[in-house]
Amino acid sequence: MDRIERIYIARHGFKPSWQSSDWTTPTNLPRDPPLTGLGITQAKELAEYFKSMPPDERPTAIFSSPAYRCLQTATPVAQQLNIPLYVEHGITEWLTPVVPGTGRHPRPTDATYLKQHVPLVDPSWKSTWLASRSGETTAELYERTRGFLEAFVPRVEFTLSGHQRILLIGHAATVISLVHSLIGENVPLRVGYATLTVLDRASTGDDVVGAWKPVGTLASGEFLSGGVQRDWGIEDEAMGNKEVVLEHGEPVTDWDIDTAIGLQWHPSNSKM
Numbered sequence: 039m040d041r042i043e044r045i046y047i048a049r050h051g052f053k054p055s056w057q058s059s060d061w062t063t064p065t066n067l068p069r070d071p072p073l074t075g076l077g078i079t080q081a082k083e084l085a086e087y088f089k090s091m092p093p094d095e096r097p098t099a100i101f102s103s104p105a106y107r108c109l110q111t112a113t114p115v116a117q118q119l120n121i122p123l124y125v126e127h128g129i130t131e132w133l134t135p136v137v138p139g140t141g142r143h144p145r146p147t148d149a150t151y152l153k154q155h156v157p158l159v160d161p162s163w164k165s166t167w168l169a170s171r172s173g174e175t176t177a178e179l180y181e182r183t184r185g186f187l188e189a190f191v192p193r194v195e196f197t198l199s200g201h202q203r204i205l206l207i208g209h210a211a212t213v214i215s216l217v218h219s220l221i222g223e224n225v226p227l228r229v230g231y232a233t234l235t236v237l238d239r240a241s242t243g244d245d246v247v248g249a250w251k252p253v254g255t256l257a258s259g260e261f262l263s264g265g266v267q268r269d270w271g272i273e274d275e276a277m278g279n280k281e282v283v284l285e286h287g288e289p290v291t292d293w294d295i296d297t298a299i300g301l302q303w304h305p306s307n308s309k310m
């Protein structure tokens, strides 16, 4: 069993607003915009940055949010380094609670479907965690992240071989909650598009949450030609005295019950 010693965490590249209508996406899912031209450039710069590293420092596997913009960001890295690209719903976008009576948030599809649009996706990996389509409060986001990490890291170590360094590609909120959970401290953190955080394991035990230390600057954009752009923090979602802004969901039918949520893999499982 190979122990994970380093985790790279990146946010996807620059995207258009999902509230605008001037974009289309091959997944045909609402709220799933593609990268802009700038975002595609940032994804290539991220890949070149990893390629410039010594081979023994590069990630050997990528786990991406199912959002198309994240998979687009991951693709140049997977191509440059010739490493597998897996889809992991555990690091999907943070969507705040839906307004009662407005439906649920859409859920991106599984890896088998996404492979039709992103050929490098390896569909053999089944997601460790599924977020609720009813949305999450800030506390629930962090609860999801901690639960995901405590299952995901030992799962990778147990079911995949040869991966001491992995790359997670997600969204601003999930990047922040991942970093906070892994280092065990809610340090001030704002995350720009395509920025990168590097964490090394600081513990010799089996702990995951709180067992990592930062290497260099958190959410660094030093390798991006345009520097850090559109940085975002958890506090940006608050409004007045409310913890988070409620969002309208998508209409659902009576049979569309959100039952598959939370942990989807257990240590007793032997398959990916």
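Quick note on our numbering: the sequence shown kicks off at 39 and runs consecutively. Every residue, glycine too, gets a C-beta built ideally from N, C-alpha and C. Values in this document were obtained by computation on a predicted structure and should not be read as measured data.
Closer than 6 Å: T74 CB and nearest the ligand ZN heavy atom:
By its list of ligands, the structure shown contains no ligand whatsoever, and the ligand ZN lies outside what it can speak to.
Review point. Helix, strand or coil: how does DSSP classify P192 here?
Key: helix
task: For V115, collect the residues of the same chain with a Cβ closer than 7 Å to its Cβ; drop the 5 residues on either side in sequence, then sort them by chain order.
output: L84, A85, F88, I100 and L205
Point to revise | Three-state secondary structure assigned by DSSP to E285 | key: In the structure shown, E285 sits in a strand (DSSP, three-state: E or B).
Can you tell me where the alpha helix (DSSP H) with A112 in it begins and where it stops? Y106 to L119
Practice problem: Would you kindly work out how many angstroms separate the C-alpha atoms of L123 and T235, rounded to a whole number? | Solution: Their Cα atoms are separated by approximately 19 Å.
Three-state secondary structure (DSSP) at V217?
-> helix
L168 vs I299 beta-carbon contact at 7 Å:
Annotated as proximal: L168 and I299, with beta-carbon spacing under 7 Å.
Handout entry: Min CB distance H50 to chain D below 7 Å
Key = Chain labels in this structure do not include chain D; a single protein chain is all it has.
*asked:* Tell me the DSSP secondary structure of G173 in three-state form.
replied: coil
task = Take every Cβ of the region 139 to 149, pair it with every Cβ of the region 169 to 183, and state whether three or more of those distances are shorter than 8 Å.
result = yes
Spatial neighbours of Q118 in its chain, beta-carbon cut-off 8 Å, leaving aside the 5 residues before and after:
A85, E86, F88 and K89
Q | 8 Å contact criterion, which S258 and T233 should meet: CB distance rounded | A | 6 Å
- Query: Around the Cβ of E131, are there at least 16 other Cβ atoms within 10 angstroms (buried) or fewer (exposed)?
  - Reply: buried
Measuring CB atoms only, is the region 215 to 226 touching the region 173 to 192, in the sense that at least three cross pairs come out at less than 8 Å?
yes
Query raised in the report: If you draw a straight line from the alpha carbon of I45 to that of I129, how long is it in whole angstroms?
Result: 14 Å
Checklist entry - Is K89 helix, strand or coil when you go by DSSP? => result helix
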